[in-house]
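Taken in order, these protein sequences are the chains called Z and H. Position in the first sequence (from 1) plus 2 gives the number in our numbering. Position in the second sequence (from 1) plus 16 gives the number in our numbering. For every residue, glycine included, the Cβ atom is placed at its ideal position computed from N, Cα and C. One structure is given below, encoded as structure tokens.
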Amino acid sequence: MTNILDDYALVSPLRYRNNWLKLTIITFGLLMGVSSQSFILPFTVAFCMSFATVHFGKIPVGFYLKLLSAPAVFVILSVIIIAFFFGSGTELFGFNVFSYRFGINTGGLDMALLVFSRTLSGMSCLFFLALTTPMVELFSVLKATKLPDSLIELSMMMYRYIFVFLEVAWGIRYAQTVRLGYKDWRTSLNSLAMLATTLFIRSWEQGEKIFISMSARCYDGRILFFEEKRPVRATELILTGTYFSAILVLWYLTNDISIF
Amino acid sequence: MMILETKGLKYSYQDGTQAIKGVDVKIKKGKKIAFVGKNGSGKSTLFMLLNGTLKPKEGAVYFHGKPMEYDAKSLREVRKSVGIVFQNSDDQIFAPTVYQDVGFGPTNLGYSKEEVEEKVEQTLEYIGITEFKDKPPHHLSGGQKKRVAIAGVCSMEPEIMILDEPLANLDPVGADEILDLLNELNHNGTTLIISTHDVELAYSWADYVYFMTEGNVIGEGLPEDVFRDADLLRKSYLRQPRTLEIYSELERRNLAIRNRFPTSVPELVNSFKPPELMWIEVSADVKEGDIINLGVMHGEYAISSPYEAVNAKVLHIHPDGHAIAEMTRHGIKSGGIVIYDTDRYDEASFRKVVAEEDIDNIGAMGKKSKTLAENNLIDLQITSGVIDKSILMALCGKRSLIMTSGGMVEHAVKRIDGYAENSGIAIQLSLANIERDELDL
């Protein structure tokens, strides 16, 4: 089976840190990254969050870079387009296609760089959350947000059975593959349809089974929430405070710096 | 006293299939009951009737002598006392973490938050799964999931625990651990009902067995009685347990003592008749009818332990010095078993016991003791079927130490004492760090 982000988060040492502290750090990083007019600050935030994820969160560097590279293609494409089509100023580079002029000018390049840095900072913040805070921990955060209990309970069960059905789906797909169920486009489509149907029926049956097993344990609409008390430690508070003030100072100093 | 009883129980599904066709069972408190039958014989349906999930079309289920009611309040009472562990753990464990799943039952019983927490911690500790309390179930192995499923029911402290195929899809060591756990639960007073098509399990584990086929109970009784009944086994589409089969073949060839019903390998070994006749080489001056002492026998004559063959009477001599002798044997070194209670573990005393008692093999029973051994770098030679193997070792003159805790100590003492009593072979049993008077025997 493939590893998913949640699996890394479950074994990360940062999982056992205060959830609210982590959420505050991320929100702060996101807001600062977006509000900065200079590319320096978002890059700094991105670097800090990546460092925290890899160093404190013990996420393998190779895996982290691979993860970042997944949306990179998309980001780089959009950055190139922005560089060519936006902004004004002196032209730095250009060429003609059928007497139409394509060129990058200073304003466009600045904007492209800013967009790139903001995207990177946003991504690293969200990856920090995804790689250090498993769903299991987020449920208690959701609980504290006063969302309706039934909604959270439903999402808890959905979370649990995603993995059960994932395994079933892998099993079926493998069974189909070894009998050449994906040899060409037509058979693939047919096999996929069968897989989907079976999964639907299975999930329906599973629902009935869970209901029976829950009522066998006297279900009356209450589920225990997983709440570990994790006080914020002094060192964490100092580190976060230093980080916040450093970023704020940097924001003040660099807000109007750009290359051109 | 009957804790659960059914009279003329009938149930059919909505499509008209009759799943249960008039079943009468009587479950005694504190017993280990096995329902045996091939797949689709109605065991699972019967179990759902027993805890009130299904309502019978005819007949009734009696709990503590009172007929079961099907209103919400009475059902709650029944389900609190009759816990059910499903065959597929994934059908049962629905919460995102182990902790939440184990806490599900107590929460619904209306305990306060603190009580629930205490109950859950206690149960996790008891079942030996504290280490994965904040893991999601999809990170657990089959055996671990089964433990979690049992813990989820255990935390409600039911009087009766029903387990549908508890050892299905488990590896041998995982199955052994679950079996240890079930024995401990039973020892602490929980009545256990299991379904299985594993005849070995039903034969060696259960106190009482019901045979089911196509929604009917076609036979019931003590395991040693019902599993002899070849006709009944054939009708239930089952075969005889291996130990019993080997025993019957030995008995038929007059190699085993009659009318024994060995349920384990030590008991099977004990039913062997000692070889009375043996081919030996004699010197020229020995005549037929002489009594000679063959001395201590080693090697091929006594593979696992030396013994002394005394008073061998020479019955017949071939011309080439090949003779047949009749003799009796005495073991010259008797082994023993030491039981160590790991609830009172301390390293110095443990090492002292191992050294002083001249221990050859160390075994651990129960998850807790195994974990303790692992954490203290104790090398375990026996990890499954610990009591049986220790008895076998003792019969071969070896000394074993069993590390165990809680109710399992008493269980082990009882098994070994029972073996000694039935076989007449005195196995030297000593308790390392606990007094016999402290045990509830």
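Query, Result
"Could you give the first and the last residue of the continuous beta strand (DSSP E) run that contains Z/Gly103?", "The amino acid at residue 103 of chain Z is misidentified as Gly; the sequence shows Arg. Start and end: 102-107."
"Please list the residues of the segment 85-100 of chain H that have a C-beta atom closer than 7 Å to any C-beta atom in chain Z, keeping them in chain order.", "Arg92, Arg95, Lys96, Ile100"
"When DSSP builds the beta bridges, which residues end up paired with H/Phe51?", "H/Ser211, H/Tyr226"
"Could you name the residues of chain A that H/Met172 contacts, counting a contact when the two beta carbons are closer than 8 Å?", "Protein chains Z and H are contained in the structure displayed, whereas chain A is not."
"Excluding the five sequence neighbours on either side, which residues of its own chain have a C-beta within less than 7 Å of the C-beta of H/Glu267, listed in chain order?", "Arg274"
"In chain order, which continuous runs of the alpha helix (DSSP H) of length 4 or greater are located wholly inside the segment 77-156 of chain Z?", "108-134, 137-146"
"Can H/Val114 and H/Lys151 be called in contact, C-beta distance under 8 Å?", "yes"
"Say whether chain H places a C-beta atom closer than 8 Å to the C-beta of Z/Met216.", "yes"
"Please list the partners that Z/Lys60 has in chain H, where partner means a Cβ-to-Cβ separation under 8 Å.", "Per Cβ cutoff of 8 Å: no residues; Z/Lys60 is ~17 Å from chain H at best."
"Is it true that the CB of H/Ile210 sits closer than 8 Å to the CB of H/Ala35?", "no"
"Are the CB atoms of Z/Ile27 and Z/Thr242 nearer to each other than 8 Å?", "yes"
"What three-state label does DSSP hand Z/Ile61 in the structure shown?", "coil"
"Measure from the alpha carbon of H/Thr123 to the alpha carbon of each residue in Z/Met216, Z/Arg224, Z/Asp258, Z/Val251, then state which is nearest.", "Z/Arg224"
"Using the beta-carbon of each residue, which ones in chain H are nearer than 9 Å to Z/Ile212?", "Asp107, Gln108, Phe110"
"Quick check on DSSP: helix, strand or coil for H/Ser157?", "coil"
"Between H/Thr207, H/Val215, H/Asp404, which has its C-alpha nearest H/Pro282's C-alpha?", "H/Asp404"
"If you follow the beta strand (DSSP E) that H/Ser446 is in, where does it begin and where does it stop?", "444-447"
"Exposed or buried, Z/Glu93, counting other C-beta atoms within 10 Å across all chains shown (16 or more means buried)?", "exposed"
"Please check the pair H/Ile375 and H/Ser416, which I expect to be a contact at CB under 8 Å, by giving their CB distance rounded to whole angstroms.", "7 Å"
"What whole-angstrom Cβ distance do H/Leu197 and H/Ile166 have, given they're in contact under 8 Å?", "7 Å"
"Expressed to the nearest angstrom, what Euclidean distance is found between the alpha-carbon atoms of H/Val285 and H/Ile353?", "18 Å"
"For H/Asn202, tell me which candidate among H/Ser365, H/Lys47, H/Leu396, H/Arg276 has the shortest Cα-Cα distance.", "H/Lys47"
"Using a beta-carbon distance below 8 Å, is H/Thr69 in contact with chain Z?", "yes"
"What are the uninterrupted segments assigned as beta strand (DSSP E) that are 3 or more residues long and contained completely in the segment 326-412 of chain H, given in chain order?", "338-347, 352-357, 377-380"
"I want to see whether chain Z comes within less than 8 Å of H/Ser320, judged by CB atoms only; does it?", "Residue placement at H/Ser320 is flagged as unreliable, the pLDDT there being 49, under the threshold of 50; the coordinate-derived value follows with that caveat. False, the Cβ-Cβ gap to chain Z never drops below 8 Å."
"Taking the continuous alpha helix (DSSP H) assigned at H/Arg95, which residues delimit it?", "88-97"
"Using only the alpha-carbon positions, how far apart do H/Val98 and Z/Ile154 sit?", "29 Å"
"What in chain Z is Cβ-close to H/Val285, meaning under 8 Å?", "What H/Val285 touches in chain Z: nothing, since even the nearest Cβ is about 43 Å away."
"If you reduce the DSSP assignment to three classes, tell me which class H/Thr206 lands in.", "coil"
"Using DSSP's beta-bridge definition, name the partner residues of H/Val41.", "H/Thr22"
"Go through its chain and collect everything with a Cβ distance to H/Ile109's Cβ below 8 Å, but skip five positions before and after it.", "Asp117, Pro153, Lys161, Val164, Ala165, Gly168"
"Please confirm whether H/Phe102 has its beta-carbon closer than 8 Å to some beta-carbon of chain Z.", "yes"
"Should the segment 194-205 of chain Z be regarded as contacting the segment 171-188 of chain H, the criterion being three or more beta carbon pairs within less than 8 Å?", "no"
"So, are the CB atoms of H/Tyr27 and H/Lys73 less than 8 Å apart?", "yes"
"Does H/Gln34 come out as helix, strand or coil in the three-state DSSP assignment?", "strand"
"Let's see if you can read the secondary structure: which residues bound the alpha helix (DSSP H) around Z/Leu241?", "236-256"
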